[in-house]
Ligand code: NAD
Ligand code: MG
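Numbering (the working numbering), first residue to last: 621 to 1006.
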């Protein structure tokens, strides 16, 4: 019997990772079929994608957009639903084998938890899920049949470097960072940067939130936390190095001194395809890299003075509990305000620090504690902005 196409739920279908995932699915109908598509509020984009990919179900998180979705898709026999609860039910359906978590921020947590409880495999793009609730997700995974395949390019690189290796022989994970648009700027100039400056990422084209996180290097702090939970490596064995060309996607150093790296162009198609294929390689997932086009690949230490958000990874991992959840929530509010030019660039770090000073710590949070911490931290960070 021929293998049936793997049935995929794409949560965050209208975004940067979501649309690239759907391009891969659309070009490989023999391997993949999108059975569920979900988006936050961009209903027109969700309708357009649904007309092209014909899922069984389309879900919009923003309930006020449901009527428009239903009117466009129901006549075609595509079911529709709205709201967070519907999103969590959608990922558990029998016609879903793998869930691609491509929503942005805290919104990824609930559907990812639902998918793990339903034993679904996960192609994890939404790093905030592991930032907010890494230890909780780790416990859930230990009781579930679901497997997590990283989509984040650095973590995909590490995953590829670890293939066939004895994990106890890992000395260090070395996560590369482009350094973002302000890598060479003086602190005084960075302080005056506007959203438009920060949105000009030198190498990657991504959603607005992660692009600002790259400019502050909060994205790298989040990736250190993400790596801890994905690979079970002690936080002191995870380092970041700035590599402005974004060709070496990350590295693993072993106890004998060997360093393995994965290289490629800055293109998310390869890590997405590798995760969808459960670590199988897809022919021509991305354009071949011509090494002779790069006269030099350079590496430098990150500067925590100009990019203070980077230091929050160590703080979050040393403290544990709900600390990273507070950082994530304050960061989301601060980034949204910076995008509207309501606070200065370093205001992002200040708001996180002041929110950390204010919100009570919980040593071993359960799910309700994360929800409450997220709510409180967002509320407090918002008052700081207002
Ligand atoms: P994006 O802003 O382009 O897309 C976000 C998607 O999430 C959209 O489809 C939006 O409709 C959906 N969404 C927003 N709020 C939602 C909600 N409440 N419920 C359901 N869906 C909601 O973001 P992106 O750049 O694609 O990033 C998505 C995730 O992938 C982020 O966690 C990011 O850190 C991670 N990631 C992205 C890249 C990249 O190249 N874009 C690389 C690595 C990791
Ligand atoms: Mg990354």
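Note that the Cβ used here is the ideal one computed from N, Cα and C, for glycine as well.
Item to check | C-beta contact flag for residue 996 and residue 941 at 9 Å | outcome: Counting from 1 along the chain shown, the entry for residue 996 is found at position 376. Counting from 1 along the chain shown, the entry for residue 941 is found at position 321. No, the Cβ-Cβ distance between residue 996 and residue 941 is not below 9 Å.
Checklist entry - From 990, 669 and 757, pick the residue whose C-alpha is nearest to that of residue 692; which is it? => result Here residue 692 corresponds to residue number 72 of the chain shown, with the count starting at 1. Considering only alpha carbons, the answer is 669.
Checklist entry - What three-state label does DSSP hand residue 882 in the structure shown? => result As a first step, residue 882 is located in the chain shown; it is residue number 262 there, counting from the start. Residue state, collapsed to three classes: strand.
Item to check | Check: residue 863 C-beta below 8 Å from any heavy atom of ligand 2 | outcome: As a working mapping, residue 863 is identified with position 243 in the chain shown. It does not: the Cβ of residue 863 is nowhere closer than 8 Å to a heavy atom of ligand 2.
Checklist entry - Is the segment 625-634 in contact with the segment 707-718, if contact means three or more CB pairs nearer than 8 Å? => result Contact between the segment 625-634 and the segment 707-718 is present, because at least three Cβ pairs lie under 8 Å.
Checklist entry - What residues in its chain sit with their C-beta under 6 Å from that of residue 860, if we drop five residues either side in the sequence? => result Locating residue 860 in the chain shown gives position 240, where the first residue counts as 1. Around residue 860: 795, 797, 840 and 922.
Checklist entry - Do residue 721 and residue 743 have their CB atoms nearer than 9 Å? => result Your numbering for residue 721 matches position 101 in the chain shown. Your numbering for residue 743 matches position 123 in the chain shown. In contact: residue 721 and residue 743 (Cβ atoms closer than 9 Å).
Next on the checklist: Classify residue 1006: buried if its beta carbon has 16 or more other beta carbons within 10 angstroms, exposed otherwise.
Outcome noted: On the chain shown, position 386 is the one that residue 1006 refers to. Around the beta carbon of residue 1006, fewer than 16 other beta carbons lie within 10 angstroms, which makes this residue exposed.
Next on the checklist: Quick check on residue 788: buried or exposed, where buried means 16 or more other Cβ atoms within 10 Å of its Cβ?
Outcome noted: Reading the chain shown from its first residue, position 168 is the one you call residue 788. Residue 788 comes out exposed.
Checklist entry - Cα-Cα, which of 994, 781, 969 and 968 is closest to residue 980? => result Your numbering for residue 980 matches position 360 in the chain shown. Looking at the Cα atoms, 994 is the closest of the given residues.
Next on the checklist: Counting beta carbon pairs with one atom in the segment 954-966 and one in the segment 758-774, are three or more of them shorter than 8 Å?
Outcome noted: no
Next on the checklist: At a threshold of 8 Å, does residue 772 count as lining ligand 2 (C-beta to nearest heavy atom)?
Outcome noted: By 1-based counting over the chain shown, the position of residue 772 is 152. The answer is yes for residue 772.
Checklist entry - Should the segment 676-686 be regarded as contacting the segment 638-649, the criterion being three or more beta carbon pairs within less than 8 Å? => result no
Checklist entry - Assuming residue 914 contacts residue 879 under a Cβ cut-off of 8 Å, what Cβ separation, rounded to an integer in Å, is found between them? => result Start at 1 with the first residue of the chain shown, and residue 914 comes out as number 294. Start at 1 with the first residue of the chain shown, and residue 879 comes out as number 259. Contact between residue 914 and residue 879 is ruled out by a C-beta separation of about 18 Å, above the 8 Å threshold.
Next on the checklist: Can you give me the C-alpha to C-alpha distance between residue 855 and residue 930, rounded to a whole angstrom?
Outcome noted: Along the chain shown, read from residue 1 onward, the residue named residue 855 stands at position 235. Along the chain shown, read from residue 1 onward, the residue named residue 930 stands at position 310. Cα to Cα, the separation comes out at about 14 Å.
Next on the checklist: So residue 735 and residue 752 are supposed to be a Cβ contact under 8 Å. How far apart are they, rounded?
Outcome noted: Counted from its first residue, the chain shown places residue 735 at position 115. Counted from its first residue, the chain shown places residue 752 at position 132. About 16 Å separates the two Cβ atoms, so there is no contact after all.
Checklist entry - Can you tell which of 818, 822 and 926 has the C-alpha that lies nearest to the C-alpha of residue 828? => result Residue 828 sits at position 208 when you count from the first residue of the chain shown. 818 is the residue among 818, 822 and 926 whose C-alpha sits nearest the C-alpha of residue 828.
Item to check | Rounded separation between residue 624 and residue 898 - CA only | outcome: Here residue 624 is taken as the residue at index 4 of the chain shown, counted from 1. Here residue 898 is taken as the residue at index 278 of the chain shown, counted from 1. If I take the Cα positions, the gap works out to 15 Å.
Next on the checklist: Measuring only the C-alpha atoms, how far is residue 757 from residue 972?
Outcome noted: Working through the chain shown from its first residue, we reach residue 757 at position 137. Working through the chain shown from its first residue, we reach residue 972 at position 352. Their Cα atoms are separated by approximately 23 Å.
Item to check | Selected residue, minimal CA-CA separation from residue 782, among 865, 807, 881 and 808 | outcome: On the chain shown, residue 782 is found 162 positions in, with the first residue counted as 1. The candidate whose alpha carbon is nearest that of residue 782 is 881.
Item to check | Euclidean distance between Cα positions of residue 755 and residue 851 | outcome: On the chain shown, residue 755 is found 135 positions in, with the first residue counted as 1. On the chain shown, residue 851 is found 231 positions in, with the first residue counted as 1. Taking the straight line joining both Cα atoms gives about 12 Å.
Item to check | For residue 699: DSSP bridge partner residues | outcome: As a first step, residue 699 is located in the chain shown; it is residue number 79 there, counting from the start. BP columns for residue 699 point to 677.
Item to check | Limits of the unbroken alpha helix (DSSP H) element including residue 655 | outcome: For the purposes of this step, residue 655 is identified with residue 35 of the chain shown, where counting begins at 1. That residue, residue 655, is in no alpha helix (DSSP H); its beta strand (DSSP E) goes 652-659.
Item to check | Own chain, CB closer than 6 Å to residue 871, minus 5 neighbours either side, in chain order | outcome: As a working mapping, residue 871 is identified with position 251 in the chain shown. The residues are 794, 879 and 881.
Item to check | Status (buried if at least 16 other CB within 10 Å, exposed otherwise) for residue 727 | outcome: Looking up residue 727 in the chain shown gives position 107. That one is buried.
Checklist entry - Between residue 873 and chain C, is there a C-beta pair that is closer than 9 Å? => result The structure shown contains no chain C, having only a single protein chain.
Item to check | Cβ-heavy atom distance, residue 826 to ligand 1, below 8 Å | outcome: Reading the chain shown from its first residue, position 206 is the one you call residue 826. For ligand 1, at least one heavy atom lies less than 8 Å from the Cβ of residue 826.
Checklist entry - So what does residue 769 bridge to, in DSSP terms? => result As a working mapping, residue 769 is identified with position 149 in the chain shown. Per DSSP, 743.
Next on the checklist: With a threshold of 8 Å (Cβ to nearest heavy atom), would residue 662 be considered close to ligand 1?
Outcome noted: For the purposes of this step, residue 662 is taken as residue 42 along the chain shown, with counting starting at 1. Residue 662: yes, Cβ under 8 Å from ligand 1.
Checklist entry - Do residue 888 and ligand 1 come close, with the Cβ less than 8 Å from some heavy atom? => result Within the chain shown, numbered from 1, the residue matching residue 888 stands at position 268. Checking every heavy atom of ligand 1 against the Cβ of residue 888, one is found closer than 8 Å.
Item to check | Collapsed DSSP secondary structure at residue 921 in the structure displayed | outcome: For this step, residue 921 is matched to residue 301 along the chain shown. DSSP places residue 921 in coil when its eight states are reduced to three.
Item to check | Local Cβ density within 10 Å of residue 741, reported as buried at 16 or more and exposed below that | outcome: Indexing the chain shown from 1 puts residue 741 at position 121. Residue 741 counts as buried, since no fewer than 16 other beta carbons sit within 10 angstroms of its beta carbon.
Checklist entry - How long is the line joining the alpha carbons of residue 709 and residue 803, rounded to whole angstroms? => result Looking up residue 709 in the chain shown gives position 89. Looking up residue 803 in the chain shown gives position 183. Each residue's Cα considered, the two are about 43 Å apart.
Checklist entry - Among 816, 657, 665 and 838, which has the Cα closest to the Cα of residue 928? => result As a first step, residue 928 must be located in the chain shown, where it is residue number 308. Closest option to residue 928, Cα to Cα, is 838.
Checklist entry - How about residue 775: is its Cβ closer than 8 Å to a heavy atom in ligand 2? => result Counting from 1 along the chain shown, the entry for residue 775 is found at position 155. Because some heavy atom of ligand 2 lies under 8 Å away, the Cβ of residue 775 counts as near it: yes.
Checklist entry - DSSP beta-bridge partners for residue 874? => result One-based indexing of the chain shown puts residue 874 at position 254. Beta-bridge pairing links residue 874 to 790.
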